[in-house]
Every structure is written in C-alpha cells, then in structure tokens.
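**Student:**
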Amino acid sequence: MALVIFIFLAFAIAVGLLWTVQMMIFKGKWSYFIYFLALFLPFYITTLSVVFLATRSPLLVSLFQVSKELVVLIACLVFVIFQRKIFNYPFRLQSTDWFMMGFIGLAALYLILPIGQSSFLNKALYFKSILIPTLIYFLGRNTQFGDLELKRLFQIVFIIAIGAFLMNLVENFLLNAHLQQFTGYALFNAVINDIEPQGNYNLTWTFETAAAMKRLGSFFSDPLELASSVLMGFAAGLIWFLTTERAHQWKYLLVMLCCMGSLVFASSRASFAAFFLMIFFVALVFKLYKLIGFGFLSLALFVIYVVFFASEDFYFFVVDTLTLADTSSIGHVVEWVLALDSMVVSPLGIGLAMSGNFGSVTDELRVGGENQFLIYGVQLGWIGMILYISTLLTGIWNSIFVFKNSDNLNLARMAFVAGTVKAGLLLPLFTANVEIYTYVSWVSWWMIGLSINEYSRIQLIGYKNEILI
Numbered sequence: 131m132a133l134v135i136f137i138f139l140a141f142a143i144a145v146g147l148l149w150t151v152q153m154m155i156f157k158g159k160w161s162y163f164i165y166f167l168a169l170f171l172p173f174y175i176t177t178l179s180v181v182f183l184a185t186r187s188p189l190l191v192s193l194f195q196v197s198k199e200l201v202v203l204i205a206c207l208v209f210v211i212f213q214r215k216i217f218n219y220p221f222r223l224q225s226t227d228w229f230m231m232g233f234i235g236l237a238a239l240y241l242i243l244p245i246g247q248s249s250f251l252n253k254a255l256y257f258k259s260i261l262i263p264t265l266i267y268f269l270g271r272n273t274q275f276g277d278l279e280l281k282r283l284f285q286i287v288f289i290i291a292i293g294a295f296l297m298n299l300v301e302n303f304l305l306n307a308h309l310q311q312f313t314g315y316a317l318f319n320a321v322i323n324d325i326e327p328q329g330n331y332n333l334t335w336t337f338e339t340a341a342a343m344k345r346l347g348s349f350f351s352d353p354l355e356l357a358s359s360v361l362m363g364f365a366a367g368l369i370w371f372l373t374t375e376r377a378h379q380w381k382y383l384l385v386m387l388c389c390m391g392s393l394v395f396a397s398s399r400a401s402f403a404a405f406f407l408m409i410f411f412v413a414l415v416f417k418l419y420k421l422i423g424f425g426f427l428s429l430a431l432f433v434i435y436v437v438f439f440a441s442e443d444f445y446f447f448v449v450d451t452l453t454l455a456d457t458s459s460i461g462h463v464v465e466w467v468l469a470l471d472s473m474v475v476s477p478l479g480i481g482l483a484m485s486g487n488f489g490s491v492t493d494e495l496r497v498g499g500e501n502q503f504l505i506y507g508v509q510l511g512w513i514g515m516i517l518y519i520s521t522l523l524t525g526i527w528n529s530i531f532v533f534k535n536s537d538n539l540n541l542a543r544m545a546f547v548a549g550t551v552k553a554g555l556l557l558p559l560f561t562a563n564v565e566i567y568t569y570v571s572w573v574s575w576w577m578i579g580l581s582i583n584e585y586s587r588i589q590l591i592g593y594k595n596e597i598l599i
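The numbers in the sequence shown follow the working numbering, run straight up by one, and end at 599.
1. Give the DSSP bridge partners of K619, in chain order.
2. For N306, count neighbouring Cβ atoms within 10 angstroms of its own Cβ and tell me buried if that reaches 16, exposed if not.
3. Quick one: residues in its chain with C-beta nearer than 6 Å to the C-beta of Q247, no 5 flanking neighbours on either side, listed in chain order?
4. For a quick check, are the C-beta atoms of L393 and V415 less than 8 Å apart?
5. Could you pull out every residue in the same chain whose Cβ sits closer than 6 Å to the Cβ of V532, ignoring the five residues on either side in sequence?
6. Applying the 10 Å Cβ sphere with the 16-neighbour rule, what's the burial state of L407?
7. What number of angstroms, rounded off, separates the C-alpha of L598 from the C-alpha of N535?
8. Answer with buried or exposed for Q213, where buried requires no fewer than 16 other C-beta atoms within 10 angstroms of its C-beta.
9. Could you tell me whether the Cβ atoms of G554 and I530 are closer together than 8 Å?
10. Using DSSP bridges, identify the partner residues of L333.
11. Can you tell which of F349, V437 and V573 has its C-alpha closest to the C-alpha of S179?
12. Taking Cβ positions, are E338 and G329 nearer each other than 8 Å?
13. Would the segment 253–272 count as touching the segment 230–241 if we require 3 or more Cβ pairs under 8 Å?
14. Going straight from the alpha carbon of F163 to that of A205, what length do you get?
15. Taking the beta carbon of L482 as the centre, do at least 16 other beta carbons fall within 10 Å, making it buried, or is it exposed?
16. From which residue to which residue does the alpha helix (DSSP H) around R543 run?
17. Are the Cβ atoms of S490 and N252 separated by less than 8 Å?
18. Touching or not, the segment 363–376 and the segment 266–276, by the rule of three or more beta carbon pairs under 8 Å?
19. Could you give the residue range of the alpha helix (DSSP H) that holds I292?
20. Skipping 5 residues on each side, what residues in its chain have a beta carbon closer than 7 Å to that of A404?
21. With a cut-off of 8 Å on the beta carbons, I'd call T521 and F268 a contact; round off their distance for me.
22. Assuming I526 is part of the alpha helix (DSSP H), what are its boundary residues?
23. According to the Cβ coordinates, are F166 and V201 closer than 8 Å?
24. Which word fits F156, buried or exposed, when buried means at least 16 other C-beta atoms lie within 10 angstroms of its C-beta?
25. Would G514 and G525 qualify as a contact pair, given that the criterion is a beta-carbon distance under 8 Å?
26. Tell me the residue span of the alpha helix (DSSP H) that contains Y315.
27. Just to confirm the assignment, what range does the alpha helix (DSSP H) spanning P558 have?
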C-alpha cells in the first residue's frame, strides 16, 4: 500500500515540478514557483514519510527535500536572466524591504563570524532556513500577477483548507487514529531526524493533549502547523465572502467553517486565541464592525460546545489551558525564561543554530525554542529580534494600506490575507517556532512581498500626482 501511495505522490510531484520549471524557464513565468510551493508544502512531511516508508532510502528522501528550495532558486535565477537590463532595474525600497535586508544581512554576518558553538554546517543549514523565505519575499516583491493568476492561488488556498478538514473527518470518524500513524511518520523521524517515537500514539507529544486526547494534524506535519495554516484559509475565505455577490457567498462561508473545524481538531490553544485575535483585528482595522459580533458569537458557541458537548478530556484541556495548570503551558514559560536569560547575558546573541526546533539545532546546544521572537533574539541578539519584529509589523501595516487604497480588487484581497494572517500569527509566534511551518510562513511572506510591490506602486502614483499639482 505504501508503495502505491509513494508512486502516486512521486508522479504528482514530478508532474507539478516539471510543469513549474517548464513555465519558468521556457516562458519566463518565474513567479509560478508559488503555485508549486502552495500545493506541495502542506504535504511536505507526509510525502517524505511515505517516501521513506516505501523505499527506506535517505537519498531519495533528500531529493524530495531539496525540491522546494530548488524551485525557489530556479525562480531567482530565471528572474535575473529575464531582466534584460538587470543593472538598470528600478529599486524603490520601502520600510519592510529595509528591515528584511537588515535582518538577513545580520544573519549572514553571524554565519561568517566565529560566533556560537554550532558547526559551520549546522549554521549554514539554519541560515538557509532564513534565506529561502527572504528570497520568496523578494520574488513576491517583484511579481506582476493578473486577476486570473491571483485567483488561481486563492483557489489553491481554498482547496488546501477544505481538503485538510475532510482529512480530519476521515481521521476522526473512519480511522479513529492520526493519519501519521499510517504514513511512516515515526519511522521517518527516528531514522532521518533522530527523534524517537513519543507519547501514547508513538508519534510526538504534539499529537496529544496532557490528558492524552488526540490532536489531529491532517496531512500537515503536526497539529500546530495545521492550526497555523488554516488561519490563512480562513482569512482568504473571509475576504472573498465580504467582497462577493450574495449568491456566491456560501462557497466562502464553507471554507471558513472548514477552517474552524480544523482548528477544533488540532486543539491548538495559541491558534484558537489567534483566530479570535484575527477576527477582532480585521473588525477594528478595516472597520468591519459586524465581525465583532461574529467573533463574540463564535466565542459563545465555543464555550457552549466545551461546557455541554465536548468530551471530558477536551473540557479539562481547555480548563487547564486557562489556568496554566498543564505541563505544556509551564514548559513554554520555562523556555521563555531560559531564552530571556541568554539574551540578558549575551545581548548580541550567541550565534546561529543555537535555539529553536529546526533540524540543525542540536539538543545539547539548544537554548529556549518555543517563541519565534526569542529564538531569533537568542541567536542574533536584541538587534536581530527587533529587525524581525519590525519586518513583521511594517509588513502588516503596509498590507493594510494596500487593502484600503489599491484599485485592484484581487491585489487588495491578497493584501488583506497577508496582513491579517501575519497579525493572527503574532500569538502562535509566542509559543512556537512558526517560521518552520513552511506552507503558511513561505506563502504569507510571498503575499507580503506582493503587497509591498503594490504599496510601492501606490506611493509612486501619489508622488507623481504631487509633482503634477
């Protein structure tokens, strides 16, 4: 069975990769790399697990692993080649660009300098995990998509959101088990990542609550990635619901309901909070005050579900979360204290690959690791953390500006999703290494880049109008 699934996945990925590379190289559509990433990244770890289960070949696994970076690098190369006068390319840098370049420049400096106890290879691998999203941002920053091309990306986001919920239903009602228990996830982690099976389901502790209740991850790497990723599906469904004729709104309401259902199955506390934060953020910033009522209604329905209909395990999971009585909440606090202590002792940072849950960070050297801001703060110091936060906040702010001022409806929709997703992820960033969730991280950084591109155009038009006046 595993071999059949492997053949199907290998064929599907090969076809997608070949189509993408062909469009980029022969037709100059370098920006189409985002389609491949949006379709492949949600299934990334599941694909690697099935490949290893069927073949037991680390080499073959590594080929699938590098495919995502390969597509990005080819896109960068083709972008440069198709610029006939690359040295005359106009640069109108905005605040987000400056902060992003400052952040990646600082990381590059820490890669070269002899700082930290990690090996150069581990530091290089960690630097790659920062560099690729940066390249994706700058590719998005230079992307010129038409309405049809933007709609295609939205459609992919909707398909992923609905598909994830349908898989949750299969896991919960048909399998009564995690999908990862059948894909070779534990074997892949043990052999490739040197992570032994943990917990009551022989996966990792992430797949269960303190009371051993299942937390489902669908086809994503784990429940936390699922919970963070469906925020993007919800934001996309919401803006299409609000900007579509009444006769077609039901389709986007369905997308939002699927995303809310996946949040329940994932049982991620930070993402639950992020969901409500995102709703209130949208309502206040974009003056959609009816959403505040929707937010309170959703919260009331959730409370009613927990009190009257949820299982006893889920009930105590929520209660323990609110009272910080479970070991996971205490663990977060401990990790934050360790990270802050390191930042106080070493305000300039202790070097790359010294914090976080990325594969090149060894357990012996890890300091902190459950707060994205502090992870960068430990490694790159206070300056690195401030640059990262500034990139996020200016990206959110400028995306909001684009949503309000762009005359292109689909670009405005994309800016809406970019700003609200990054704002909604601010809470999960406090409790997880969210940037390793490649689907939501990479695609949303591309959306931010696209939004800043439109922001620059709007600013340029305003500047020209001032000159004419």
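Cβ coordinates follow ideal geometry from the N, Cα and C atoms, glycine included.
**Tutor:** On the basis of the supplied data:
1. Residue 619 lies beyond the stretch modelled for the chain, which goes from 131 to 599, so this question has no answer here.
2. exposed
3. Counting only Cβ-Cβ distances below 6 Å, and skipping sequence neighbours, we find L495.
4. no
5. A545, S581, E584 and Y585
6. buried
7. Only weak support exists for where L598 lies, its pLDDT of 48 falling under 50; the coordinates are left without a value.
8. exposed
9. no
10. Note: L333 sits in a beta bridge opposite Q328.
11. Among F349, V437 and V573, the Cα nearest to that of S179 belongs to F349.
12. Yes, the Cβ-Cβ distance between E338 and G329 is below 8 Å.
13. yes
14. Straight-line Cα distance between these residues: approximately 6 Å.
15. Classification for L482: buried.
16. L539 to G554 is the extent of the alpha helix (DSSP H) around R543.
17. Cβ atoms of S490 and N252: closer than 8 Å.
18. no
19. D277 to L299
20. L361, G554, L555, L557 and P558
21. With 8 Å as the limit, T521 and F268 do not qualify as a contact, their Cβ atoms being about 12 Å apart.
22. Following the DSSP letters along the chain, one finds I526 inside the alpha helix (DSSP H) bounded by residues Q502 to N535.
23. If you check the CB distance, F166 and V201 come in under 8 Å.
24. exposed
25. Not closer than 8 Å, so no.
26. Y315 to V321
27. Where P558 is concerned, the enclosing alpha helix (DSSP H) stretches over P558 to T561.
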